[in-house]
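Here the protein sequences come in this chain order: C and Y.
Just so we're aligned, residue 24 is where the first sequence starts under my numbering, counting upward by one.
Just so we're aligned, residue 56 is where the second sequence starts under my numbering, counting upward by one.
Built from N, CA and C at the ideal position, the CB exists for glycine as well.
Please read the structure below before turning to the comments.
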Amino acid sequence: MKKSYQIEDLDCANCAAKIEDAIRKISGVKDASVSFIGQKLTVETDSDLTEIMSEIKKVVNKIEPDCTIVM
Amino acid sequence: MNKKLKKSLLLIIAAGLLFALSWLPIPQNLQIGLLLVSYFIVGWEIILKALRNIIRGQVFDENFLMSLATFGAWYLGEYAEAVAVMLFFQVGEFFQKYAVNRSRQSISALMNIRPDYANVLRHNKIIKVSPEDVKVGEIIVVKAGERVPLDGLITKGDSSLDTAALTGESLPRDVTKGDEVLSGCINLSGVIEVKTTKEYGMSTIAKILDLVENASSQKAELENFITRFAKWYTPIVVFLALFIAIIPPMLGFDTFREWSYRAITFLVISCPCALVISIPLSFFGGIGAASKCGVLVKGGNYLEALSKVHTAVFDKTGTLTKGKFVISEIRPQGISKEKLLETAAYIESMSSHPIALAIKAAWNQKFDLSRIDKIEEISGKGITAEFDGKKVAAGNIKMLQDFGVSLPQKVANKTAVYIVIDGKYSGFVAVEDELKNDAPAAISSLKQQGITQTVMLTGDNKHIAAKIGKILRLDKVFAELLPADKLAKLEQLMKQKPTGSTLVFVGDGINDAPSLARSDIGIAMGGIGSDAAIEAADVVIMTDEPYKIVDAIRIARGTVLIARENVIFAIGVKFLVLGLGACGLASIWAAVFADVGVSVIAILNAVRALRLYKK
Numbered sequence: 024m025k026k027s028y029q030i031e032d033l034d035c036a037n038c039a040a041k042i043e044d045a046i047r048k049i050s051g052v053k054d055a056s057v058s059f060i061g062q063k064l065t066v067e068t069d070s071d072l073t074e075i076m077s078e079i080k081k082v083v084n085k086i087e088p089d090c091t092i093v094m
Numbered sequence: 056m057n058k059k060l061k062k063s064l065l066l067i068i069a070a071g072l073l074f075a076l077s078w079l080p081i082p083q084n085l086q087i088g089l090l091l092v093s094y095f096i097v098g099w100e101i102i103l104k105a106l107r108n109i110i111r112g113q114v115f116d117e118n119f120l121m122s123l124a125t126f127g128a129w130y131l132g133e134y135a136e137a138v139a140v141m142l143f144f145q146v147g148e149f150f151q152k153y154a155v156n157r158s159r160q161s162i163s164a165l166m167n168i169r170p171d172y173a174n175v176l177r178h179n180k181i182i183k184v185s186p187e188d189v190k191v192g193e194i195i196v197v198k199a200g201e202r203v204p205l206d207g208l209i210t211k212g213d214s215s216l217d218t219a220a221l222t223g224e225s226l227p228r229d230v231t232k233g234d235e236v237l238s239g240c241i242n243l244s245g246v247i248e249v250k251t252t253k254e255y256g257m258s259t260i261a262k263i264l265d266l267v268e269n270a271s272s273q274k275a276e277l278e279n280f281i282t283r284f285a286k287w288y289t290p291i292v293v294f295l296a297l298f299i300a301i302i303p304p305m306l307g308f309d310t311f312r313e314w315s316y317r318a319i320t321f322l323v324i325s326c327p328c329a330l331v332i333s334i335p336l337s338f339f340g341g342i343g344a345a346s347k348c349g350v351l352v353k354g355g356n357y358l359e360a361l362s363k364v365h366t367a368v369f370d371k372t373g374t375l376t377k378g379k380f381v382i383s384e385i386r387p388q389g390i391s392k393e394k395l396l397e398t399a400a401y402i403e404s405m406s407s408h409p410i411a412l413a414i415k416a417a418w419n420q421k422f423d424l425s426r427i428d429k430i431e432e433i434s435g436k437g438i439t440a441e442f443d444g445k446k447v448a449a450g451n452i453k454m455l456q457d458f459g460v461s462l463p464q465k466v467a468n469k470t471a472v473y474i475v476i477d478g479k480y481s482g483f484v485a486v487e488d489e490l491k492n493d494a495p496a497a498i499s500s501l502k503q504q505g506i507t508q509t510v511m512l513t514g515d516n517k518h519i520a521a522k523i524g525k526i527l528r529l530d531k532v533f534a535e536l537l538p539a540d541k542l543a544k545l546e547q548l549m550k551q552k553p554t555g556s557t558l559v560f561v562g563d564g565i566n567d568a569p570s571l572a573r574s575d576i577g578i579a580m581g582g583i584g585s586d587a588a589i590e591a592a593d594v595v596i597m598t599d600e601p602y603k604i605v606d607a608i609r610i611a612r613g614t615v616l617i618a619r620e621n622v623i624f625a626i627g628v629k630f631l632v633l634g635l636g637a638c639g640l641a642s643i644w645a646a647v648f649a650d651v652g653v654s655v656i657a658i659l660n661a662v663r664a665l666r667l668y669k670k
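Rendered as structure tokens:
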């Protein structure tokens, strides 16, 4: 299952890379890509995304508390 | 410029003014006071973020490093340097965001083809609704000057459409009742009524927008390299700074103060942001430049692959040729030319085969259907019928053999329809698929660009394939291939190319999906309106001009060059200043300018990619 989300207030390119890296490490996530220019997060998972989503939000919040994932 | 950016610009200007004032001949206390105020104006946000991130367990971020470097500078009494580091760090950040905003805007302006509304006809009234709310099969009204919001068929009215947003083609296209219209085109003249055939989400325009918006998620190898580099760069530089600050003074070389100063120069250039942003910005620009020419690239990785093409493989029909047959020769035997063509046209009157269409187009008269009767199609061979009371057959050589009629002349190298009237051979009508006008230029330009091998794959017969191969000067031609053979040939060619180079397959996307998927880069031509092509291909050429491949490769190479320049330049300058800093030859000032200067130059260079579409 592959889905894209808009990320708001993603401020620096390096943080985008860090977020991408951290999301990839979440179990159940097959692949993730954060585009700073597109302000977009694309995640690919094996199973249902809703469970993993809260984990993803937690990770994003830890690295960049300012940015929010638009659902 | 958005609100946030405006605010940071104001802060930078205010702090900059105070910073400038501090250089006036004023008492030292006042000077330090001005610098402190200036420092907090630009720096408080960064210090706050650094503290917050430490609490969250994120230590090595650029906020922390800048705070640490400036605290160090204050401690050493280098007040002006401390402010400069913060101020210029903010200038760099501002510039980055501004550049990214600008290029996002220019791409969305370029793709500013999203229809805002649809005029839908419900209960004999025209209602303005959002395109998403229109169902399949509803009638929408498109007035002159409006954008077509959904794909559909014209049920009423004629007009001409500006398709530039979809195809880059500047000539308007005339449409009339029964024609297909694609969302994203602009209606130039009359009012048309369109019966929708797709929902908005499935419409051409939505697909194109989606594709371009998602392109930045597919990252190029160079982007991934730089992200990996950035991951190690910061911790290593910080560790080195720590090492420099502690070890040499402990061993008795110079003073602690001297080495701390050197460590601070390290911290100042420890942020990899310029690099991390300038590479994707270059690729984003390249993708934007390509879409301006009507070439949609699905990601930076494909742009990178396009810059390394070794072998270009083309499908024939619909890619290099127009895919429309025209009559090339009529050779009657025993009857007149006109009579032969008329007979052929009547027999094919009910057929929609491309060859039949060509014959009917050449004859171009109204049919009197009472003259023809008992039309029967013999699959894979031809058609039999009664025409003006005579038994007539039209078809290929296999059909002639069935009738026991032998061919008087050898005409093997033609795609032809042979006519038999009352059991007697009466001649043939040969058809030919025309080459696209820009096909020869496309192949020769590819050669000039250094593409080593050009190949054509076709299911058509050997003689025709060889003839086209000769005209276009293709390196290799493989003919009489079944769809499965095409894929096998492609795989063979994939194995033959040198490692590190790529193979591009260009097809019209109709039945090439496996080949499009198997090749390094699958390019679908004339992809507009064909969902399968947009799905399967990595690059979609919106017009049907093969020359666009030449443009795409040129843009890809330009983009990769810019990205490489940025990598080498930014890493080079950083390492140079690190080296000089370690030896005590670079001041904090040098480090500040190396850091911000590199950012600005790399970003300006990256923005250049957006303008690559100009020839």
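- Taking C-beta atoms under 8 Å as the contact rule, threonine 513 of chain Y and lysine 371 of chain Y qualify, at a distance of about 4 Å.
- Judged by beta-carbon spacing, isoleucine 658 of chain Y lies within the 8 Å limit of leucine 336 of chain Y, meaning their Cβ atoms are closer than that value.
- Rounded to whole angstroms, the gap between the alpha carbons of leucine 123 of chain Y and aspartate 54 of chain C is 35 Å.
- For the pair isoleucine 332 of chain Y and glycine 652 of chain Y, the Cα-to-Cα distance works out to about 14 Å.
- For the stretch 311-343 of chain Y, the beta-carbon criterion of a distance under 8 Å to any beta-carbon of chain C is satisfied by Cys326, Pro327, Cys328, Val331, Ile332, Pro335, Leu336 and Phe339.
- Nearest C-alpha to alanine 664 of chain Y among Y:Ile474, Y:Gly444, Y:Phe630 and Y:Ser346: Y:Ser346.
- A direct Cα-to-Cα measurement between serine 642 of chain Y and isoleucine 324 of chain Y gives close to 12 Å.
- Judged by DSSP in its simplified three-state form, aspartate 89 of chain C adopts coil rather than helix or strand.
- When Cβ-Cβ separations below 8 Å define contact, serine 77 of chain C makes no contact with chain Y.
- Here lysine 363 of chain Y is buried. Its C-beta has 16 or more other C-beta atoms within 10 Å.
- Only residues of its own chain outside the window of five on either side were considered, and among them Pro227, Cys240, Ile241 and Leu243 have a CB closer than 7 Å to the CB of aspartate 217 of chain Y, listed in chain order.
- The residue among Y:Ser158, Y:Pro387, Y:Ser215 and Y:Ile263 with its C-alpha nearest the C-alpha of proline 170 of chain Y is Y:Ile263.
- With 16 or more neighbouring CB atoms inside 10 Å of its own CB, threonine 366 of chain Y falls in the buried class.
- Straight across, the Cα-Cα distance linking lysine 421 of chain Y with isoleucine 414 of chain Y is about 13 Å.
- In the structure shown, the three-state DSSP call for leucine 205 of chain Y is coil.
- Neighbourhood of serine 272 of chain Y in chain C, by CB distance below 9 Å: Ser27, Ser56, Val57, Ser58, Gly61, Lys63, Leu64 and Thr65, in chain order.
- The DSSP-derived three-state label of leucine 330 of chain Y is helix.
- Apart from sequence neighbours up to five positions away, the residues of its chain that approach isoleucine 247 of chain Y with a beta-carbon distance below 6 Å are Val197, Ile209, Gly212 and Ser214, ordered along the chain.
- The beta carbon of alanine 45 of chain C sits no closer than 8 Å to any beta carbon of chain Y.
- Selection Y:Arg177, Y:Val381, Y:Gly355 and Y:Ile301 evaluated against leucine 277 of chain Y yields Y:Gly355 as nearest (Cα-Cα).
- With the rule of 3 Cβ pairs closer than 8 Å, the stretch 307-315 of chain Y does not count as touching the stretch 625-636 of chain Y.
- The distance from the Cβ of lysine 63 of chain C to that of glutamine 29 of chain C is about 6 Å, consistent with a contact at the 8 Å cut-off.
- When beta bridges are read from the DSSP output, tyrosine 153 of chain Y appears opposite no residue.
- For methionine 597 of chain Y, no beta strand (DSSP E) run applies, since DSSP gives it neither H nor E.
- Between glycine 577 of chain Y and alanine 591 of chain Y, the gap from beta carbon to beta carbon is short of 8 Å.
- In this structure, isoleucine 430 of chain Y keeps its C-beta atom at 8 Å or more from the C-beta atom of methionine 454 of chain Y.
- For the set Y:Ser481, Y:Ala344 and Y:Thr376, the Cα lying nearest the Cα of glutamate 397 of chain Y is the one of Y:Ser481.
- For the pair of segments examined, the stretch 65-84 of chain Y was found not to touch the stretch 81-91 of chain C: the number of CB pairs separated by less than 8 Å stays below three.
- Between the C-alpha atoms of isoleucine 79 of chain C and serine 58 of chain C there is a straight-line separation of about 15 Å.
- Taking every protein chain shown into account, the CB of asparagine 174 of chain Y has 16 or more other CB atoms within 10 angstroms, so this residue is buried.
- Residue environment: glycine 343 of chain Y is assigned as buried (16 or more neighbouring CB atoms within 10 Å of its CB, all protein chains considered).
- Residues of the same chain with a CB within less than 7 Å of the CB of leucine 295 of chain Y, apart from the 5 flanking positions on each side, are Phe321 in chain order.
- Among the bridge pairs identified by DSSP, phenylalanine 533 of chain Y is matched with Y:Leu512.
- For valine 293 of chain Y, the closest C-alpha among the options Y:Thr282, Y:Ser315 and Y:Asp567 is that of Y:Ser315.
- Proline 170 of chain Y carries a coil assignment under DSSP once its states are collapsed to helix, strand and coil.
- Under the DSSP assignment, serine 27 of chain C falls in the beta strand (DSSP E) whose first and last residues are 25-31.
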